[in-house]
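Chains A and B supply the protein sequences, listed in that same order. Every number in the numbering used here is 27 more than the matching position in the first sequence, counting from 1. Every number in the numbering used here is 512 more than the matching position in the second sequence, counting from 1. Contents: one structure, followed by commentary.
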Amino acid sequence: MNPLLRLIAFCILAQAAVLGGAFQPRFQQQSQPTPVPSPSPATSIETPTQVTTRSIIRVNSTNQAYDYQSPWQKKPSYSRRGLGVLIGENRILVTADLVANSNFIELEKAATGEKSTATIERISYECNLAILRATNPIFLYGMIPLPLEGKVSIGDSATVLQIEPNGELARTPGRISSISVAPYPLENLGLLAFKLSIPLQQRDGSFTLPAVRDDKLVGLLMRYDARNQTADIIPMPVISRFLDSVKFPRLGVSYSPLRDPQLRRYIGLKEPGGIYVTKISPKSSAASAGLREGDVILAVNGLPLDQDGNYEDAEYGRILFSHISSTLTAPGGKVVLKILRNTKIEEITVKIEPMDRSNTISPSFIADAAPPYFILGGMVFVELSRPYLQEWGVEWTKNAPQRLVNYDAFQDELPTDRGKIIVLAQILPSPDTLGYDHIDNVVVKELNGRPIKSIADLAEAAKHPVEGFQKIELEEDPKWLFLDAASIEANRAELIKHYALPATERLDSATSALP
Amino acid sequence: MPMTRLLPLALALCLSAWTHAAPIAESLVRIEAASQEPNYKTPWSPGTVVSGVGAGFVIDGDRIMTNAHVVSNARFLTVSKEGDPKPYTARVLHVAHDCDLALLKVDKAEFFNGTSPLEFGGLPEIESVVSVYGYPIGGKRLSVTRGIVSRIDFQTYSHSGVDSHLTIQIDAAINPGNSGGPVMQDGKVVGVAFQGYSGDVAQNVGYMIPVPVVERFLKDVEDGKYDRYIDLAISYQNLFNPAARRALGLEDDDRGVMVGAVYGGGSSDGILKAGDVLLEIDGYPIASDGSIRLQNGVVPLTEIVERKFRGEKAKLVIIRDRKKQTVAVPLDDPWPFTLQSNAYDEKPRYVIYGGLVFQPVDRNFLATHDPSNQRLNYSFDFFVEDEIYRDRKELVVLSNILPDPVNAHTGDFRYSLINEINGRRIQTLQDVAQAFAKPEEYYVIKTADVGPPIVLERKAVLASTENILKRYGIASEQNLEK
């Protein structure tokens, strides 16, 4: 076996291990990947694309996420490999999860194996897209940007590109079987996606594969279901929105279909279609516009909605209305909603902005940021977040401490000035914490009589011990914990040395990696 | 809740009896029970009948003592003596599910001819030898095993699942069928065999109910009825930490625990406060881990309360705001806790309206349904700790939808807590029944989960009720009685 093949084989196995672990498998239901990929067996249904490796580049990213349980350290690093598409001068489009929490990004020319480093120009975990930039633009000389194509419909063919070990393109044709708003990975928000029916093979580097049609890019593969042989594709409307603005506008409503005739009669709904607003996200565009729970949305921008919330899109057919508000409208743009409120029909104009997540109590997704923490005499305090809860594994909703799961699940119901939920996550046993070592994952209310709404609050309050004691008040048993302020100062160096802590605090969620 | 599960000893099958020379055998009783356990998924069904065997023994007053779990949900009981194959019908005189004890009486007095009531001893010494009598699996006749007293400690009684009392661990084999049998030492009963670990968890670990618990039960029923155990209804925490001791103004003498929560409506509500330090209970000094030293060893301070009855007081020496004072807590039973315990001899309650099934959630319900509704599970787990009971006396949920045209579009609302019906706040299942009993054109049901209200039109429901009951084999559209 030549050395190159052996190297590739190793990479595939390494990736298989990662896929089997904590990360969402890109190729679901995939059995043992074969080390040497065979050429595509599919006979082409259409003329294969003429796109060449001059528009496609290998991207190797070494990523490393923080360990939310021991927030002063990172977890083991892992690599992801995918194919990026040159879409403009020194602009390479990839999916965001290829480079999430990246430490080091490398571009590799398929034909020659030449390599260069890259940085992230922009990234959005909402739409799972990122643009990379070669550190040395000369590296990309001679490459040709691929034009973008937005016009596709159900039944059209599209070809997914992969690269063979010999540097040649493998082209697998497929057919678009449906177009709908579907949940995106990472932040789990709904955006337009194509479903492509395609028999893809597991090959080296399965994150980010381009889908092309008539020598133009129609989208990027974001998920592949090997059992059903369907790929989810991020389509051009979403890519275009991302190229305009990193953040997607959001209406901020939850809704329920209105199929029950008894409910329709009760609310006095005589018109056909319409959806029932069940929840308005706090501080959302819908909240600012005065939309309320119980309103019925009948039409968006004059387009009537059916009882499931779909409108008739000129290009894609029946599509969920959120496509209008989150993708077709630019941030700061307006949509006009026709609503039924208290049996009267009204019109309401909503200025749609991206969701303000700056004050989210427990963020559902965090990447490229270091979690804040504070250690006081061996007590480790962190801010509650979904990634923290996910440290309990796939079944975290069952296995993580239920009070914390509950805070996360119903955070919208907390007072708007609640601030972060500060958790005494664990205790690094030391002479100061004698008798406390069984305590973990309890919620902090006050420190030294000061209410705690962030890690920074905690650090500030710790500067003001009361009568020589750090007095910690918890929301649950045990209600109070005391530490000797002078003693923990005196033992601090020993604690740092003993547990090899790089620092006893990180007060801000300093972002790494991103400019 | 304990991590490892204690199994109440299921009843073994055993048919014949056998003569034994010792007087203990004369007082030993084999109990056969036909019991009927309701199914909380079909609360309208009476349940499946199963039969089992347990042990018991004769005590004074022509009574038979056994475990509550031997006779729980019993529909028909027979007892027979060693050496006398004749079965006699018996009835439950008193049952205490919170300490797994029961007393039976026999319809015909002649049953007790030739028996002699067993007497109770005290707490046996650690390492002393005891004998266990019963009808465990592995054969049909009376079985005697021997072992030593390994440990005297508090343990959760798995029959109720939430109550902890003094328990004696012995290394004699205790197996299914030993339940309710006497554990003897020097001719006296020192305990009632009741639970053990299954062999894959721990070996040679059997548990018996010690005499203090048995005697409390016997004294409780002297007035003709059994009252539940009472409780201080507080949580407390250890005070090992030197800084915590100094902050609270305590000496370095390893005494005292700090009160964490004082549950609203409980015995100590308004008397104790979070942050109080408990130093003494009824004159016994409390160590910094919450233990006290009784004549037979070290036990948790709650053992003092365990031996008392409703209305009695516990005298506590406490430190509040650095000042020592004495308080008396009149003891009462902790009602909110009962929701979290296994219930027996109860009929499942439910209301069916338009094919929608409403049920109150308790431990029995959860054991059958295992719902994945986050808000419900939280409300149940933290019912006491977060005082959910102030808001909801019962956790009433929509547990099922029996498909019918009337609810064809109702959607998926399984296990949502019911907040209100037509503006009426739902505190109990009774509230649900009353809301539907009041004639309205529409019934608007609001749940605690995100979603539109569930709307039922009265005339559509009335037209569908008979069909639904018939189709699903339901005799009555509601049962509000336990």
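For every residue, glycine included, the Cβ atom is placed at its ideal position computed from N, Cα and C.
First and last residue of the beta strand (DSSP E) that includes residue i?
i	result
T376 (chain A)	K371 to I379
V565 (chain B)	T560 to I571
T977 (chain B)	Run containing T977 (chain B): none in the beta strand (DSSP E); it sits in the alpha helix (DSSP H), R970 to R983.
A326 (chain A)	V323 to V327
F221 (chain A)	G217 to S224
Among the options, which has the Cα closest to the Cα of residue i?
i	options	result
L227 (chain A)	A:K243, A:R250 and A:N433	A:R250
E906 (chain B)	B:V725, B:P848, B:V962 and B:K950	B:P848
Q417 (chain A)	A:P390, A:L355, A:A396 and A:E440	A:P390
D765 (chain B)	B:S547, B:G772, B:G809 and B:A756	B:A756
I746 (chain B)	B:Y738, B:Q697, B:G776 and B:D735	B:G776
T959 (chain B)	B:S584, B:K820 and B:R926	B:R926
L247 (chain A)	A:I114, A:N369, A:R292 and A:E191	A:I114
V908 (chain B)	B:V810, B:V565 and B:F877	B:F877
P284 (chain A)	A:K310, A:N255, A:Y93 and A:G321	A:G321
E639 (chain B)	B:L615, B:F752, B:V661 and B:D735	B:V661
R603 (chain B)	B:D596, B:P597, B:D610 and B:L589	B:L589
T880 (chain B)	B:A855, B:E899, B:R887 and B:F895	B:A855
N991 (chain B)	B:E544, B:G772, B:V541 and B:P555	B:P555
A975 (chain B)	B:Y748, B:E932 and B:D916	B:D916
K835 (chain B)	B:I864, B:L790 and B:R822	B:L790
K101 (chain A)	A:N117, A:A397 and A:L218	A:A397
G651 (chain B)	B:T627, B:P688 and B:V642	B:P688
E989 (chain B)	B:S557, B:D739 and B:L813	B:S557
Y865 (chain B)	B:F729, B:E978 and B:R758	B:E978
P358 (chain A)	A:S272, A:I260 and A:E516	A:S272
E153 (chain A)	A:E494, A:Y293 and A:A394	A:A394
Hey, could you find the ends of the alpha helix (DSSP H) residue i is sitting in?
i	result
H525 (chain A)	A512 to H525
P724 (chain B)	V723 to D732
R198 (chain A)	Run containing R198 (chain A): none in the alpha helix (DSSP H); it sits in the beta strand (DSSP E), L196 to P210.
V944 (chain B)	L941 to A949
T578 (chain B)	No alpha helix (DSSP H) contains T578 (chain B), which is instead part of the beta strand (DSSP E) from R575 to T578.
V432 (chain A)	Q429 to A436
N155 (chain A)	It is not in any alpha helix (DSSP H) - N155 (chain A) carries neither H nor E in the DSSP assignment.
Q289 (chain A)	P288 to Y293
V126 (chain A)	A123 to V126
Does any residue of chain C have a CB that is nearer than 7 Å to the CB of residue i?
i	result
F752 (chain B)	The question asks about chain C, but that chain is absent: this structure's protein chains are A and B.
Residue i bridges to which residues according to DSSP?
i	result
Q871 (chain B)	B:V909
V407 (chain A)	A:I402 and A:Q453
V618 (chain B)	B:A602
K836 (chain B)	B:I831
Q886 (chain B)	Per DSSP, none; premise fails for Q886 (chain B).
A549 (chain B)	This sequence places Glu at residue 549 (chain B); Ala is not what is there. Answer is B:T560, bridged to E549 (chain B).
K593 (chain B)	B:V541 and B:D596
D961 (chain B)	DSSP lists no partner for D961 (chain B).
M720 (chain B)	B:I680 and B:A705
M770 (chain B)	B:Q749 and B:V789
T532 (chain A)	Before going on, a small fix: residue 532 (chain A) reads as Glu here, not Thr. Beta-bridge pairing links E532 (chain A) to A:F401.
S309 (chain A)	The residue you asked about is not Ser; residue 309 (chain A) is Pro in the sequence shown. DSSP, once it has assigned bridges, lists no residue as partnering P309 (chain A).
T144 (chain A)	A:E133
V967 (chain B)	B:V956
Open item on the list: Please give the ranges of any alpha helix (DSSP H) in the stretch 337-368 of chain A, keeping only runs that are unbroken, at least 4 residues long and fully inside the region.
Closed with: Segments of the alpha helix (DSSP H) lying fully in the stretch 337-368 of chain A: there are none.
Task: Runs of alpha helix (DSSP H) wholly within the stretch 474-512 of chain A (minimum 4 residues, chain order) - done: For the stretch 474-512 of chain A, whole alpha helix (DSSP H) runs of length 4 or above, ordered along the chain, are 482-489.
Task: the stretch 678-687 of chain B touching the stretch 609-626 of chain B, judged by at least three CB pairs closer than 8 Å - done: At 8 Å Cβ cutoff, the stretches do not touch.
Open item on the list: So within the stretch 620-667 of chain B, which uninterrupted beta strand (DSSP E) runs reach at least 3 residues, ignoring any that extend past its ends?
Closed with: Listed in chain order, the complete beta strand (DSSP E) runs (minimum 3 residues) inside the stretch 620-667 of chain B are 641-646.
Open item on the list: Is it the case that the stretch 402-412 of chain A contacts the stretch 498-510 of chain A, given that we only count it when at least three CB pairs across the two stretches are under 8 Å?
Closed with: Judged by Cβ distances under 8 Å, the stretch 498-510 of chain A makes contact with the stretch 402-412 of chain A, as three or more pairs qualify.
- [ ] Specify whether the stretch 865-876 of chain B and the stretch 791-801 of chain B touch according to this definition: at least 3 beta carbon pairs, one from each stretch, less than 8 Å apart.
- [x] Not touching, per the Cβ criterion.
- [ ] Would you be able to state if there are at least three C-beta pairs under 8 Å between the stretch 128-142 of chain A and the stretch 90-100 of chain A?
- [x] Output reads yes: the stretch 128-142 of chain A touches the stretch 90-100 of chain A.
TODO: Evaluate contact between the stretch 346-354 of chain A and the stretch 321-335 of chain A, counting only Cβ atoms and requiring at least three cross-stretch pairs below 8 Å.
DONE: Because the criterion of three Cβ pairs below 8 Å is met, the stretch 346-354 of chain A and the stretch 321-335 of chain A touch.
TODO: Inspect the CB distances between the stretch 570-585 of chain B and the stretch 708-715 of chain B and report whether three or more fall short of 8 Å.
DONE: The stretch 570-585 of chain B makes no contact with the stretch 708-715 of chain B: fewer than 3 CB pairs, one atom from each, lie closer than 8 Å.
Open item on the list: Assess contact between the stretch 432-449 of chain A and the stretch 381-390 of chain A, defined as three or more Cβ pairs (one per stretch) separated by less than 8 Å. Is contact present?
Closed with: Taking a cut-off of 8 Å for Cβ pairs, the stretch 432-449 of chain A and the stretch 381-390 of chain A touch, as three or more such pairs fall below it.
Task: Three-pair Cβ contact test at 8 Å for the stretch 103-117 of chain A versus the stretch 176-186 of chain A - done: Taking 8 Å as the limit for Cβ pairs, the verdict is that the stretch 176-186 of chain A does not touch the stretch 103-117 of chain A.
Open item on the list: Pairs of beta-carbons, one from the stretch 118-128 of chain A and one from the stretch 154-173 of chain A, closer than 8 Å: are there three or more?
Closed with: Output reads yes: the stretch 154-173 of chain A touches the stretch 118-128 of chain A.
Open item on the list: Closer than 8 Å is the cut-off here; do at least three beta carbon pairs connect the stretch 302-320 of chain A with the stretch 269-279 of chain A?
Closed with: At 8 Å Cβ cutoff, the stretches touch.
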